[in-house]
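Have a look at the structure below, then the notes.
Residue numbers (the working numbering): 10 to 151.
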């Protein structure tokens, strides 16, 4: 069963590895006996389903979650059951990749209009006049 990120990206099951560990949190005494937390690892560096552009954005956005081997590690331990934690980890992975797949909007430089430059100069002149009126009135020789 492949993980569907969006209509263009589907992650094969063999690119994911899961490790079940003991978790803290809800579960009472059961939490000490059963390994319900999930550590999901995704081979981001060696993935065949991601383009180079998406990989580069993924590494720049989530560099603190990617280890030296190129694996993106997600830890899910919020739920009491193994299956719920597994589902949450997969959903978080899909959301991370979905965000990395969005191409950022390119900012194009624009020049200020003639009218906006004129307004700026007028405002500066008015502020200068206001400040000059704050000076003491009297003999300039004192």
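Note that the Cβ used here is the ideal one computed from N, Cα and C, for glycine as well.
Spatial distance of residue 29 from residue 61 (CA atoms):
30 Å
Should the region 63-72 be called in touch with the region 83-92, which here means at least 3 C-beta pairs below 8 Å?
no
Just mark residue 63 as buried or exposed, buried being the case when its beta carbon has 16 or more other beta carbons within 10 Å.
buried
Does the region 86-104 come within contact of the region 12-23, defined as at least 3 CB pairs closer than 8 Å?
yes
Between the CA atoms of residue 51 and residue 125 - distance to the nearest angstrom:
51 Å
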